[in-house]
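Colleague: Supplied in structure tokens, the structure appears directly below.
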Amino acid sequence: MTTGLTYSQYVTQIATMGAVASETDPNFVTILPSMISYAENRIYRELNFLQTTDAVTGYAIASGARTLTLPDGTFVVSEQINIITPAGTTNPDAGVRVALLPVTKEFLDAVYGASTYTGQPKYFCPFNDNLFLVGPFADAQYYTEVVGEIRPASLSSTNTSTFISLYLPDLFIMASMIYLSGFQRNFGRLSDDPQMAQSYEAQYQLLKQGAMVEEARKAFEAGGWTSQAPAAVASPTRG
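The sequence shown finishes on residue 1565 if you use the working numbering, and the numbering steps up by one all the way, no holes.
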């Protein structure tokens, strides 16, 4: 099993690798939250994790309306909207999920641009991060199930372990060291060690490739749309 990192172990390892005088150094303590944020956000943005997929329910498209509003920050990326039928059903498992098809706003405005076009919604498009338009206008109140990508809470002294720290500690450390190299002014050609950031970046990219393959396998998006690791020899399909 992967040996992950707790918050205290992470701080100790970063301080050691970065040759920081002390884990309690005020300057080091000050940049810790920003370093963690940089490393986590970079990893979350560059990799698609099943772990960060979530579904929320309880939000409705009102009768006669064509909008669905979610609270700010619910999802980083909204991926799917299901309406629950029959109309008025709040629990997805007590009704039938009907997936809305994603289209452009221009399509909705051209085809269902007036409130006279009513019916069970079939299509949706994002208007902004938390507002979605549907078409046609709802002929009754429909509750929804929205699926998307969330941003988990960051590693901290009060949140002592995360998915990244437990299962991708090596990638997490490399991303953190890239940030720390900037703190130590080792980014430019006039720096003390101009190769430091580049070396950590190269190692980060190498580790990221392995993580991408693993996540593809989890989602059955690896070779041949299976969960199998890419084969080094058997590249032709089996027919």
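For glycine and all other residues, C-beta sits at the position ideal for the given N, C-alpha and C.
Quick caveat: nothing in here was measured; it's all calculated off a predicted structure.
#1: With Val1437 as the anchor, note down where its alpha helix (DSSP H) starts and where it stops.
#2: Do Glu1366 and Ser1480 have their beta-carbon atoms positioned less than 9 Å apart in this structure?
#3: Asp1351 by DSSP, collapsed to three states: which one?
#4: Beta-carbon separation of Gly1549 and Ala1464 under 9 Å?
#5: For Phe1473, report the span of its beta strand (DSSP E) as first-last.
#6: If you drop the 5 nearest sequence neighbours on each side, which residues of the same chain put their C-beta closer than 7 Å to that of Gly1421?
#7: Contact check, Met1503 vs Tyr1526 under 8 Å by CB: the rounded distance?
#8: Start and end of the alpha helix (DSSP H) containing Gln1406?
#9: Can Asn1374 be considered in contact with the ligand PLP, in the sense that its beta carbon sits closer than 8 Å to one or more heavy atoms?
#10: Give me the residue from Asn1408, Leu1426 and Val1429 with the minimum Cα distance to Asp1419.
#11: Does the Cβ of Gly1384 have 16 or more other Cβ atoms within 10 Å, making it buried, or fewer, making it exposed?
#12: Could you round the C-beta distance between Gly1445 and Pro1462 to whole angstroms and report it? I think they count as a contact, below 8 Å.
#13: Check the C-beta distance from Leu1426 over to Phe1450 and give it rounded, since I have them as a contact under 8 Å.
#14: Tell me which residue opens and which closes the alpha helix (DSSP H) that Ala1341 is part of.
#15: Quick one, are the C-beta atoms of Leu1396 and Leu1492 less than 9 Å apart?
#16: By Cβ distance, which residues of its chain are closer than 7 Å to Thr1552, with the 5 residues on each side in sequence left out?
#17: Do the CB positions of Tyr1364 and Tyr1530 come within less than 9 Å of each other?
Modeller: Let me spell this out:
#1: Lys1431 to Val1437
#2: yes
#3: coil
#4: no
#5: One point to set straight first is that residue 1473 is Val, not Phe, in the sequence displayed. Val1473 -> beta strand (DSSP E) spans Tyr1468 to Glu1475.
#6: Ile1410, Thr1411, Pro1412 and Thr1415
#7: 4 Å
#8: No alpha helix (DSSP H) holds Gln1406; the beta strand (DSSP E) holding it covers Val1403 to Thr1411.
#9: The ligand PLP is not among the ligands present in this structure, which contains no ligands whatsoever.
#10: Asn1408
#11: exposed
#12: 4 Å
#13: 4 Å
#14: Tyr1333 to Met1343
#15: no
#16: Phe1546
#17: no
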